[in-house]
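Every position in the sequence shown, counted from 1, becomes a number in this note's numbering once 19 is added.
The beta carbon of each residue, even a glycine, is placed where N, CA and C say it ideally should be.
No experiment lies behind these values; they were computed from the predicted model shown.
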Amino acid sequence: MYLDHTGILKMYKSNIKLIPSTNIDDREVKHFSSQADGWWDPSGFFRPLHQINPLRLRYIRDQSVRHFNIEISSLNPLKGLTCLDIGCGGGLTSEPLTRMGAVVTAIDPSEENIATARAHALNSGLDIDYRIETAEQLTETGIYYDLVLCLEVVEHVPDQSKLVKTVAKLVRPGGIVIMSTINRTLKSYALAIIGAEYILRWLPIGTHRWNKFLRPYELQTFMNQAGLDQFSLTGIVYDPLQCSWSLSGNTDVNYMVSVVRTDTTN
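Right, here's the structure in full:
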């Protein structure tokens with residue numbers, strides 16, 4: 020039986036209530052909720068994520084394999100690792116990680132996003148623990164994860180330092196956190212906002228706010244304050260001629276970081 024996101028939403032909406040969070044921007048939640056039907060459309064609103072996702076997944080896999088000393092030739096390189104995907108949206112990252120063998124919990128404050136993610140996972144035969152939940156709520160359970168992902172999320176919350184501290188509480192001591200975001204530079208304003216939103220129309224106008232972008236040293240400061248160390252920074256660049264993304268030393272626009280939780284206190 021095929022289930023769409025509308026059917027899943029009706030099944031779960033009456034049973035799950037999201038506790039209000041002081042670190043959720045309702046404008047942002049509504050913005051992405053309004054596009055929930057299109058998460059798995061590679062030519063729609065989330066086209067840039069579909070294009071960049073293979074690169075992000077390779078980065079996550081390689082960082083995890085290196086950190087946890089896993090045999091990379093394995094068909095399921097992340098087998099046995101517990102993974103938390105914060106701000107999972109429609110599950111574009113959660114599903115491939117599950118196929119790599121990770122035990123994935125994925126959270127998002129949008130009911131519509133989670134409904135889409137659940138429907139797609141069910142139709143794909145994948146067991147993923149999707150939750151309409153905030154990271155702050157999840158810390159109350161006292162559960163830790165080996166690997167915590169926060170991809171393209173930190174630029175969408177009111178208090179970025181608070182989010183990083185919350186993320187740090189969700190990774191086990193010795194585990195790793197991987198985040199991706201956009202640098203606050205003139206180049207990122209020209210490409211990620213003017214180019215992507217106003218000229219190319221890859222994204223709806225208003226998707227990003229330049230003042231919410233973080234410079235790498237700012238993110239590193241937040242992470243160090245939260246007990247996350249061994250900061251590793253990698254840039255991501257787009258080649259318009261090849262329509263492809265690649266890792267780079269250039270962090271002027273998009274970048275990813277991985278860090279290790281060395282702090283053993285809560």
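Notebook entry, point to check: Do the CB positions of Asp44 and Pro128 come within less than 7 Å of each other?
Noted result: No.
In chain order, which beta strand (DSSP E) runs of at least 3 residues are fully inside the segment 121-202? Taken in chain order, the unbroken stretches of beta strand (DSSP E) that lie wholly in the segment 121-202 and span 3 residues or more are 122-127, 148-151, 164-170, 190-201.
query = Grouping DSSP H, G and I as helix and E and B as strand, with all else coil, what is Leu37?
reply = Model confidence at Leu37 stands at a pLDDT of 47, short of 50, so the residue's coordinates are unreliable; what they give is reported in the following sentence. In this structure, Leu37 counts as coil in the three-state DSSP scheme.
Q. Can we say the segment 228-245 touches the segment 256-268, given the rule of at least three CB pairs closer than 8 Å?
A. With contact defined as three or more Cβ pairs closer than 8 Å, the segment 228-245 and the segment 256-268 are not in contact.
| task | Please go through the same chain and pick out, in chain order, the residues whose beta-carbon is closer than 7 Å to the beta-carbon of Thr185, but skip the five residues on each side of it. | result | Counting only Cβ-Cβ distances below 7 Å, and skipping sequence neighbours, we find Ala154, Glu155, Thr158.
Residues that Gly254 bridges to, as DSSP identifies them: For Gly254, which the question treats as bridged, DSSP gives the partners Ser267, Tyr274.
- prompt: Does the beta-carbon distance from Asp165 to Leu100 come in below 7 Å?
  reply: Contact check for Asp165 against Leu100 passes: the beta carbons are separated by less than 7 Å.
- Apart from the five residues on each side of it in sequence, which residues of its chain come closer than 7 Å, Cβ to Cβ, to Phe250? Around Phe250: Gln239, Met242, Val276, Val278.
**Prompt:** If you compare alpha carbons, which of Asn132, Leu111, Ala134, Cys102 is closest to Val122?
**Reply:** Nearest of Asn132, Leu111, Ala134, Cys102 to Val122, Cα basis: Cys102.
Does the distance from the C-beta atom of Phe196 to that of Ile105 stay below 7 Å?
-> According to the sequence as given, residue 196 is Val; it is not Phe. Inclusion of Val196 and Ile105 in the CB contact set at 7 Å is not warranted, their separation being larger than that value.
>> Among Ala134, Arg280, Tyr274, whose alpha-carbon lies nearest the alpha-carbon of Met203?
In response: The residue asked about is misnamed: residue 203 is Arg in this sequence, not Met. The candidate whose alpha carbon is nearest that of Arg203 is Tyr274.
**Request:** Using the Cα positions of Ala211 and Pro96, report the straight-line distance between them to the nearest angstrom.
**Result:** When rounded, the distance between both Cα atoms is 33 Å.
Where the beta strand (DSSP E) through Leu103 begins and ends: Counting along the chain, the beta strand (DSSP E) containing Leu103 begins and ends at 101-105.
Where the alpha helix (DSSP H) containing Gln239 begins and where it ends: Residue range 235-244 is occupied by the alpha helix (DSSP H) that includes Gln239.
Supposed contact pair Leu74 and Ile255 - C-beta distance, whole angstroms, cut 8 Å = Right, the Cβ-Cβ distance comes to about 7 Å (below 8 Å), so this counts as a contact.
For the 8 Å Cβ check, are there 3 or more pairs between the segment 129-147 and the segment 75-90?
With the cut-off at 8 Å, the segment 129-147 and the segment 75-90 do not touch.
Over the uninterrupted alpha helix (DSSP H) stretch that includes Pro115, give me the two end residues.
Looking at the DSSP string, the run of the alpha helix (DSSP H) that includes Pro115 is 113-118.
Notebook entry, point to check: Can you pull the DSSP bridge partners for Arg280?
Noted result: Leu247, per the DSSP bridge assignment.
Which residue wins for smallest C-alpha separation from Gly193, given the options Arg220, Leu182, Gly246?
Nearest option by C-alpha distance: Gly246.
Taking the beta carbon of Glu114 as the centre, do at least 16 other beta carbons fall within 10 Å, making it buried, or is it exposed?
Buried, since its Cβ has 16 or more Cβ neighbours within 10 Å.
Check your understanding: Straight-line CA distance for Asp258 to Ile71?
Key -> Their Cα atoms are separated by approximately 11 Å.
- Item | Trp58 beta carbon less than 7 Å from that of Gly120 | No, they are not a contact pair.
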